[in-house]
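Position 377, counted from 1, in the sequence shown is what this note's numbering calls 445; the numbers after and before it change by one each time, with no gaps.
Below is one structure; the comments refer to it alone.
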Amino acid sequence: MNICVVGTGYVGLVTGACLADFGMDVVCVDKDDAKIAALQAGHIPIYEPGLLEIVAKNERAGRLRFTTDLKSGIESALAIFIAVGTPPNPDGSPDLTFVRQVAEAIATHMNGYKVVVTKSTVPTGTGKMIEQILRAKDGGTEFSVVSNPEFLREGSAIADFLRPDRIVIGASDARAVEVMKEIYGPLFLAETPFVITDVASAELIKYASNGFLAVKISFINEIARLCEIMDADVHDVARGMGLDRRIGSRFLLPGPGFGGSCFPKDTAAAIDLARQHGYRFRIIEAAVEVNCETKARMIDKIVAVAGPLAGRTVAVLGLSFKPETDDIRESPALAVISDLVAAGAAVRAFDPAAMANAKSVFPDLYYARDAYDCAQAADVLVLVTEWNEFRALDFGRLGRIMKARTVVDLRNVYDPGELKAAGWRYTGVGRS
Ligand code: NAD
69 MNICVVGTGY VGLVTGACLA DFGMDVVCVD KDDAKIAALQ AGHIPIYEPG LLEIVAKNER
129 AGRLRFTTDL KSGIESALAI FIAVGTPPNP DGSPDLTFVR QVAEAIATHM NGYKVVVTKS
189 TVPTGTGKMI EQILRAKDGG TEFSVVSNPE FLREGSAIAD FLRPDRIVIG ASDARAVEVM
249 KEIYGPLFLA ETPFVITDVA SAELIKYASN GFLAVKISFI NEIARLCEIM DADVHDVARG
309 MGLDRRIGSR FLLPGPGFGG SCFPKDTAAA IDLARQHGYR FRIIEAAVEV NCETKARMID
369 KIVAVAGPLA GRTVAVLGLS FKPETDDIRE SPALAVISDL VAAGAAVRAF DPAAMANAKS
429 VFPDLYYARD AYDCAQAADV LVLVTEWNEF RALDFGRLGR IMKARTVVDL RNVYDPGELK
489 AAGWRYTGVG RS
């Protein structure tokens, strides 16, 4: 089957490569000439483990190609996946300009029955909007509109796409469902649960899922705060809670607040969506408020252990919003660095993949070669993103090259007892 994926970012590129791996003939389209030229030359514009290999394999097999020619992509495909960005407007609502533009282009170039699949995260009602755009221009051409939200996580996107917890298909007609089942045939055969529903419910499933996960993170961050006040240990509390199968242990890790390209945007969009329909989504509002406070209080933790920061040097490890990605959108590290700079600190930073992106936000920081270069002559070491290579740092060596033995562990990856015994001042999150 011929498939066109429009938008070749984190989601579109992974979707295109993985659908090609399922045996589909896929053309990935993007309006960004430089991105497409890079992909055509064999370069992957983002850092995502395993992506280069799966793209190269499927290109070699002739099942995957890249173009800026949206018209030919639309004309050649039975199913068109919309995977463009839906960034937040200042009021929190998602900007659907790119989705609308692609729908207009499909309406103009449709040359036969098309299944138009929304992979982008969009508010309930977007499927109807796309349908109206297609109907307004359609000269009797048949089409189906499908919502197929994506749940992959950056850093493990390939595995998440190839072995998802579930596939959600929101469609208004059986013909489209059959096409979607054929596309996801290998997952259907592997007994992946399929949730087949209407378009509006599928659209809402994505916001409900991300809203719930954001609540879980903010919940454990509030428990962490209580632990600090009450001299308890958040990890023991989380373990004691998480072993209850009704709760589950995942997403109960305290930290500097959630970030990334999805949770902040999708929680804001869920709140806006409810508001548009005269309803207040108070639990998600609270999760967002707690998240803002969580991010803001990280600087207080640093000051509490290190003292006033004016004129001091702070080494920040980890800039991406999570390990194994170069994505810094809404990364807690950005908030921490802004607060450090505002407090008068000189910041040295290191990240295994995200420094090029961070330079566009903070051009004047010192970007180090590795963790030890970052820590050189620093007064404080702050771990913000828990890349594996930061887990086994040689604290003996760090102690010798830093000005003071002070570490702020915003991911609780180090052993406070060991560090304190070695003469370090240590603070984590939610640990007494
Ligand atoms: P991204 O910014 O990495 O990529 C979007 C791509 O769309 C860009 O390359 C851009 O050039 C392209 N584009 C925009 N308008 C276009 C047009 N008219 N024609 C062709 N290309 C166009 O975004 P992303 O992170 O891949 O996210 C895409 C969508 O998927 C968003 O709605 C997001 O919320 C959702 N989503 C993202 C993730 C994630 O982890 N990144 C996970 C699940 C869902």
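Every residue gets a Cβ at the ideal spot worked out from N, C-alpha and C, and that includes glycine.
At a cut-off of 8 Å, would you count residue i as near the ligand NAD, judging by its Cβ distance to the nearest heavy atom?
| i | result |
| --- | --- |
| A282 | no |
| A173 | yes |
| F219 | yes |
| G84 | no |
| S188 | yes |
| T176 | no |
| D137 | no |
| V170 | yes |
| Y275 | no |
| A151 | yes |
| V97 | yes |
| F166 | yes |
| I114 | yes |
| D89 | no |
| T260 | no |
| C360 | no |
| K103 | yes |
| E398 | no |
| G14 | Because the chain in this structure spans residues 69 to 500, residue 14 falls outside the shown range and cannot be described. |
| D334 | yes |
| T76 | yes |
Check whether the Cβ of residue i sits closer than 8 Å to any heavy atom of the ligand ADP, and report yes or no.
| i | result |
| --- | --- |
| D394 | Absence of the ligand ADP is noted for the structure shown, with the ligand NAD being the only ligands found. |
Determine the DSSP secondary structure at residue i, reduced to helix, strand or coil.
| i | result |
| --- | --- |
| G84 | helix |
| A175 | helix |
| G153 | coil |
| D241 | coil |
| N480 | coil |
| S212 | strand |
| L433 | coil |
| D93 | strand |
| L487 | helix |
| F256 | helix |
| F36 | Lying outside 69 to 500, the shown extent of the chain, residue 36 is not represented and no answer is given. |
| R493 | strand |
| F389 | coil |
| T265 | strand |
| I396 | coil |
| A270 | helix |
| A411 | coil |
| T194 | helix |
| K427 | helix |
| A383 | strand |
| K187 | coil |
| K182 | strand |
Hey, residue i and residue j: beta-carbon distance below 9 Å or not?
| i | j | result |
| --- | --- | --- |
| V236 | P217 | yes |
| C72 | I148 | yes |
| A151 | V213 | no |
| A436 | P324 | no |
| V263 | R234 | yes |
| G153 | G223 | no |
| L478 | K369 | yes |
| D419 | A413 | no |
| P156 | A401 | no |
| T453 | S399 | yes |
| V138 | V97 | The question names Val, but residue 138 in the sequence shown is Leu. Closer than 9 Å, so yes. |
Task: Start-end ranges of the alpha helix (DSSP H) lying completely within the stretch 103–149, minimum 4 residues - done: 119–128 and 138–144
Open item on the list: As an exercise, report each continuous alpha helix (DSSP H) stretch of at least 4 residues that is fully enclosed by the stretch 284–340, in chain order.
Closed with: 302–310
Task: Those runs of the beta strand (DSSP E) which lie wholly inside the stretch 438–478 and span at least 3 residues - done: Under the rule that a run must span 3 or more residues, the beta strand (DSSP E) segments found entirely inside the stretch 438–478 read 448–451 and 474–477.
Task: Segments of 3+ residues assigned as beta strand (DSSP E) that fall wholly inside the stretch 346–373 - done: none
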